[in-house]
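Just so we're aligned: the sequence shown equals residues 0 to 247 in numbering that gives the first Met the number 0. Glycine residues also receive a C-beta, built at the ideal position from the N, C-alpha and C atoms. Right, one structure below, let's go through it.
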Amino acid sequence: MTAAAAAPEREVLVWWARTGDARPELLGLLDAVERARHEATVRPGDKARFLVGCALSRVALGGLLGVPPADVPLRRVCPRCGGPHGKVGLTVPERSPYADVDFSVTHSGEVVGVAVCRGAAVGLDAEDDGIDLDVDAAARTALGEGERRALRARPPAARRAAFLRTWTRKEAVLKALGVGLHVPLRELELSAPDAAPAVLGWPGRLGRLGRRPEVSLTDLTVAGTHPAAVAVLAGGGVRVAVQADPVL
């Protein structure tokens, strides 16, 4: 009997941009639905994040598909109401050579990121280390009992960074699964922030849905201060390749 082949390492391409990259010319890259949502967004910071996220996704995917950014076939459908505000996805024919492409978008403060992976679902999350955060209150919502004990065992000055590291990992996993924050965060148990990132326990709700896949996680840091994480729904590990910023 031969040993089973080891799962291949997955390459994830990651692009980063900033809200300061937003400018009116980028609207020409968006489709009608995206432009309408941009127009309906009230807060300037939210408008900039949405615009840059859409444009960055289109430039990154357009380069991969070999099509102009404005022609990248993106679609948003809410799984609950059917409206055009769900998780964005690439809509290509099943037999397309790009049918296995998945991507994830994150916004945090001035940072906007896009991760692209072939052959497995991907989730990307980044957080702003400068945000006003009540760590204890946030931990009660997001961390399981064991995770909270480990957090309290750390020096007070180290708890914020430890919490944000765990939070980015959890968000990345849930984004890869496509369930967002609709599952109990406290039941998604992860390894300690200073240990190799791994999922140790799944929410019972995911088990009932048959959604307990292998997950490969890796930690990132953006601009020296923003903790981030990439999750891929596959074993074998993750190799992250940060791309040169596309010209937006």
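{"Check": "Reference ASP30; option with closest CA among ARG57, GLU8, ASP135", "Outcome": "ARG57"}
{"Check": "Nearest neighbour of VAL197, chosen from LEU184, THR217, GLN242, ASP127 [CA to CA]", "Outcome": "Rather than Val, the amino acid found at residue 197 in this sequence is Ala. Answer by Cα proximity: THR217."}
{"Check": "Spatially closest choice to VAL221 from CYS116, PRO202, GLN242, GLY235, by CA coordinates", "Outcome": "GLN242"}
{"Check": "For TRP166, three-class secondary structure by DSSP", "Outcome": "helix"}
{"Check": "Unbroken beta strand (DSSP E) run spanning GLU10, endpoints", "Outcome": "9–17"}
{"Check": "For GLY118 and GLY234, the rounded distance between their alpha carbons", "Outcome": "12 angstroms"}
{"Check": "Helix, strand or coil at ALA54 [DSSP, three-state]", "Outcome": "helix"}
{"Check": "Straight-line gap, ALA6 to HIS106 (C-alpha atoms, nearest Å)", "Outcome": "31 angstroms"}
{"Check": "Cβ-Cβ distance between ARG9 and VAL231 below 8 angstroms", "Outcome": "yes"}
{"Check": "Beta-carbon separation (whole angstroms), LYS169 vs LEU184, contact threshold 8 angstroms", "Outcome": "6 angstroms"}
{"Check": "Rounded separation between GLU144 and VAL11 - CA only", "Outcome": "32 angstroms"}
{"Check": "Short Cβ contact (8 angstroms threshold) for LEU73 with VAL87", "Outcome": "yes"}
{"Check": "Any non-hydrogen atom of the ligand ATP closer than 7 angstroms to ALA54 Cβ", "Outcome": "In terms of ligand content, the structure shown is empty, and the ligand ATP therefore cannot be addressed."}
{"Check": "Beta-carbon contacts of ALA195 that lie in its chain and below 7 angstroms, excluding the five residues immediately before and after", "Outcome": "none"}
{"Check": "ASP45, buried or exposed, once every other Cβ within 10 Å from all chains shown has been counted against 16", "Outcome": "exposed"}
{"Check": "Exposure of ASP131, with buried meaning 16 or more beta-carbon neighbours within 10 Å", "Outcome": "exposed"}
{"Check": "Cutoff 8 angstroms; reference ALA240; Cβ partners in own chain excluding five residues on either side", "Outcome": "GLU10, VAL11, LEU12, VAL13"}
{"Check": "Residue environment, GLU146, which counts as buried when at least 16 other CB atoms sit within 10 Å", "Outcome": "buried"}
{"Check": "ARG253 versus ASP99: straight-line alpha-carbon distance, rounded", "Outcome": "Because residue 253 is not part of the residues shown, which for the chain are 0 to 247, the question remains open."}
{"Check": "N-terminal and C-terminal residue of the beta strand (DSSP E) that THR220 is part of", "Outcome": "215–221"}
{"Check": "Buried/exposed call for GLU33, threshold 16 Cβ in 10 Å", "Outcome": "buried"}
{"Check": "DSSP-derived helix/strand/coil call for ALA2", "Outcome": "The pLDDT assigned to ALA2 is 48, lower than 50, so where the model puts this residue is not dependable; a value taken from the coordinates is nonetheless given after this. ALA2: coil per DSSP, three-state reduction."}
{"Check": "Buried/exposed call for ASP193, threshold 16 Cβ in 10 Å", "Outcome": "exposed"}
{"Check": "Residues near ARG48 in its chain [Cβ-Cβ closer than 7 angstroms; skip 5 each side]", "Outcome": "THR18, HIS106, VAL111"}
{"Check": "Integer Cβ distance of TRP324 from GLU213, believed to fall under 8 angstroms", "Outcome": "There is simply no residue 324 to check, as the chain begins at 0 and stops at 247 in what is shown."}
{"Check": "Collapsed DSSP secondary structure at ASP45 in the structure displayed", "Outcome": "helix"}
{"Check": "Option nearest VAL113 by Cα separation, candidates VAL51, THR90, PRO67", "Outcome": "VAL51"}
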